[in-house]
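Protein chains in written order, with this note's numbering: chain X, 1 to 298; chain A, 299 to 558.
Data block below; observations after.
Structural data, given as structure tokens:
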């Protein structure tokens with residue numbers, strides 16, 4: 001049965017490659033809110049139904065098992081190796097590699113399929129082991145649910161992430177930004193650069209950048225590592241200036257980042273961090289970590 | 299000037315560490331003497347790190363040479379903890395060699411050090427992020443030694459130690475990745491952007507995750523488990539410095555150019 005299920009998984013990856021070859025990359029914009037919410041609900045609902053109604057079948061046990069986790073991780077590594085070795089966003093001709101999306105691999109159907117498989121396995125594993133009375137199993141749940149939240153929000157939230165570059169000249173209010181495709185977009189705030197200052201070390205390398213700005217009527221200071229929060233989902237970052245002019249730079253380049261899924265990712269990160277701390281404290285010691293080791297994983 | 303004197307600290311630390319490692323082999327030696335000597339080595343290297351931190355007026359975690367320095371220090375610490383906890387008399391010898399290799403590289407390839415630290419690195423996350431990673435690297439280095447010992451000697455006891463080291467190492471790797479993600483959000487606006495260094499960090503993390511899952515589901519696949527530890531360690535080298543030799547590294551924000 002295991003071999004059969006893994007053959008189907010192989011066919012699933014091949015199918016994603018065929019879709020990539022014939023239809024091009026994954027339509028990220030199409031998946032923006034509310035389509036991503038609907039897709040996420042259908043996907044999780046489907047997995048829940050599969051688990052609750054077919055959980056006892058052999059093939060579901062394989063999909064929920066540790067071997068499937070290993071296979072998903074191996075495929076994930078294979079996808080990451082493409083990203084690690086092949087320069088992304090490079091202009092390429094219509095070669096087979098290009099058509100397979102290796103130069104834009106994060107939006108290729110193959111990589112999306114791998115991530116979806118990884119998340120599906122993660123979801124099923126969590127569903128299978130969600131009920132527990134043993135405190136030691138909280139480590140397992142924190143690690144897995146934390147990772148699930150992070151992957152879920154990064155995956156389904158990606159189409160809702162928007163970035164706009166803003167070139168603001170001193171004392172001139174700017175309401176236009178440019179997205180990653182250099183398309184202009186009207187911002188929902190006005191940004192005015194009031195002053196800019198660069199400090200230097202003795203050897204001439206910059207030690208700090210500081211831009212005094214006004215966002216609508218609110219005055220603020222932006223530095224590297226200190227963005228300005230326009231709202232709960234939008235932050236402005238300082239990303240550039242006229243290097244030759246230094247503090248006299250007539251303009252600064254800012255980037256507005258809109259990411260409504262931020263807090264879900266953050267909750268996932270906190271869960272994973274707590275899980276990691278428990279891993280650190282209890283390690284693989286079965287006597288300390290209770291029966292988790294033998295109980296949880298297949 | 300301080301960095302020019304590093305070889306003196308390195309020689310003193312390595313002599314102490316080697317002394318501790320040699321005594322650990324001695325059949326009549328109590329564990330206290332190898333411990334005392336190794337603690338001496340740790341104190342010497344730690345005092346150099348502290349003095350360097352003070353003289354540079356910034357955490358010495360910025361350059362490759364500086365991270366190698368921390369790796370040397372953490373390798374000896376992890377070796378000592380492993381020795382004390384699992385009583386392997388041979389572990390101190392290997393961690394001493396590991397530490398010495400990185401000290402020698404630092405002596406042979408001295409770097410120019412200055413006080414400057416680019417604005418992107420001026421964050422509260424800088425020290426915990428890099429320090430946690432370097433400690434994880436040292437633990438995984440020690441895990442490779444125990445895994446190879448398990449492969450050669452066919453002793454399950456060594457693999458159990460590898461398990462323990464990997465669990466602690468993966469916990470630290472996870473914390474390193476998470477702290478890096480939060481920092482990246484603060485600095486660049488994205489928790490994760492598939493930057494080449496991030497990608498290799500994910501690969502390394504996933505390899506060790508496979509190890510953990512394999513040990514759960516196929517506890518008798520000892521050889522495969524040991525090979526995974528070795529592959530994971532290679533991934534770790536790619537993540538630490540290897541990625542910078544690839545053409546993809548040109549796209550990395552970890553090269554810290556311009557305002558980043």
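In this text, a Cβ means the ideal position worked out from N, Cα and C, and glycines have one as well.
Note that the structure is a prediction, hence the values are computed from the model and not measured.
As a quick exercise: from the options, pick the residue whose alpha carbon is nearest that of residue i.
| i | options | result |
| --- | --- | --- |
| residue 121(X) | 101(X), 144(X), 161(X) and 179(X) | 144(X) |
| residue 243(X) | 32(X), 204(X) and 191(X) | 204(X) |
| residue 479(A) | 1(X), 175(X), 154(X) and 161(X) | 154(X) |
| residue 264(X) | 146(X), 95(X), 107(X) and 97(X) | 146(X) |
| residue 5(X) | 68(X), 27(X) and 31(X) | 68(X) |
| residue 376(A) | 360(A), 393(A) and 386(A) | 393(A) |
| residue 532(A) | 424(A), 506(A) and 516(A) | 506(A) |
| residue 157(X) | 49(X), 238(X), 40(X) and 56(X) | 40(X) |
| residue 102(X) | 222(X), 117(X), 83(X) and 115(X) | 83(X) |
| residue 32(X) | 272(X), 270(X), 261(X) and 277(X) | 261(X) |
| residue 206(X) | 277(X), 53(X), 224(X) and 117(X) | 224(X) |
| residue 477(A) | 491(A), 359(A), 306(A) and 424(A) | 424(A) |
| residue 459(A) | 445(A), 405(A) and 547(A) | 445(A) |
| residue 308(X) | 118(X), 178(X) and 124(X) | In the structure displayed, chain X extends from 1 to 298; residue 308(X) sits before or after that span and is not available. |
| residue 277(X) | 473(A), 405(A) and 502(A) | 473(A) |
| residue 525(A) | 450(A), 492(A) and 545(A) | 450(A) |
| residue 257(X) | 217(X), 267(X) and 161(X) | 161(X) |
| residue 64(X) | 86(X), 218(X) and 50(X) | 50(X) |
| residue 339(A) | 359(A), 312(A) and 354(A) | 312(A) |
| residue 239(X) | 123(X), 248(X), 254(X) and 245(X) | 254(X) |
| residue 166(X) | 62(X), 27(X) and 241(X) | 241(X) |
| residue 436(A) | 454(A), 420(A), 378(A) and 417(A) | 378(A) |
| residue 25(X) | 191(X), 109(X), 228(X) and 8(X) | 109(X) |
| residue 492(A) | 87(X), 37(X), 20(X) and 57(X) | 87(X) |
| residue 360(A) | 515(A), 387(A), 414(A) and 535(A) | 414(A) |
| residue 61(X) | 85(X), 266(X) and 126(X) | 126(X) |
How is the beta strand (DSSP E) around residue i delimited, first residue to last?
| i | result |
| --- | --- |
| residue 235(X) | 234-241 |
| residue 198(X) | 184-200 |
| residue 167(X) | 162-169 |
| residue 300(X) | No answer is possible for residue 300(X): it lies beyond the span of chain X, which begins at 1 and ends at 298. |
| residue 214(X) | 206-215 |
| residue 231(X) | 228-231 |
| residue 177(X) | 174-178 |
| residue 221(X) | 218-223 |
Output yes or no for whether 8 angstroms exceeds the beta carbon distance between residue i and residue j.
| i | j | result |
| --- | --- | --- |
| residue 470(A) | residue 430(A) | yes |
| residue 550(A) | residue 495(A) | yes |
| residue 182(X) | residue 196(X) | no |
| residue 111(X) | residue 129(X) | no |
| residue 187(X) | residue 164(X) | yes |
| residue 43(X) | residue 1(X) | no |
| residue 422(A) | residue 381(A) | no |
| residue 318(X) | residue 509(A) | Limits of chain X in this structure are 1 at one end and 298 at the other, which puts residue 318(X) out of reach. |
| residue 310(A) | residue 342(A) | yes |
| residue 193(X) | residue 237(X) | no |
| residue 374(A) | residue 397(A) | yes |
| residue 404(A) | residue 348(A) | no |
| residue 47(X) | residue 124(X) | yes |
| residue 502(A) | residue 467(A) | no |
| residue 504(A) | residue 77(X) | yes |
| residue 511(A) | residue 70(X) | yes |
| residue 400(A) | residue 366(A) | yes |
| residue 354(A) | residue 427(A) | no |
Just curious, the alpha helix (DSSP H) that residue i is in, first and last residue?
| i | result |
| --- | --- |
| residue 332(A) | 330-354 |
| residue 511(A) | 494-515 |
| residue 24(X) | First-last for residue 24(X): undefined, no H or E at that position. |
| residue 518(A) | Neither: residue 518(A) is in no alpha helix (DSSP H) and is coded neither H nor E. |
| residue 58(X) | 58-63 |
| residue 382(A) | 362-384 |
| residue 43(X) | 35-54 |
What's the call for residue i, buried or exposed, on a 16-neighbour Cβ count within 10 Å?
| i | result |
| --- | --- |
| residue 461(A) | buried |
| residue 316(A) | buried |
| residue 15(X) | exposed |
| residue 520(A) | buried |
| residue 3(X) | exposed |
| residue 66(X) | buried |
| residue 232(X) | exposed |
| residue 352(A) | exposed |
| residue 54(X) | exposed |
| residue 497(A) | buried |
| residue 18(X) | exposed |
| residue 440(A) | buried |
| residue 481(A) | buried |
**Request:** Please specify which runs of the alpha helix (DSSP H), each continuous and at least 4 residues long, are wholly inside the stretch 69-112 of chain X, giving them in chain order.
**Result:** As far as the stretch 69-112 of chain X is concerned, its whole alpha helix (DSSP H) runs of at least 4 residues are 96-99.
**Request:** At 3 residues or longer, and completely inside the stretch 400-470 of chain A: list those beta strand (DSSP E) runs for me, N to C.
**Result:** The DSSP assignment places no complete run of the beta strand (DSSP E) inside the stretch 400-470 of chain A (cut-off: 3 residues).
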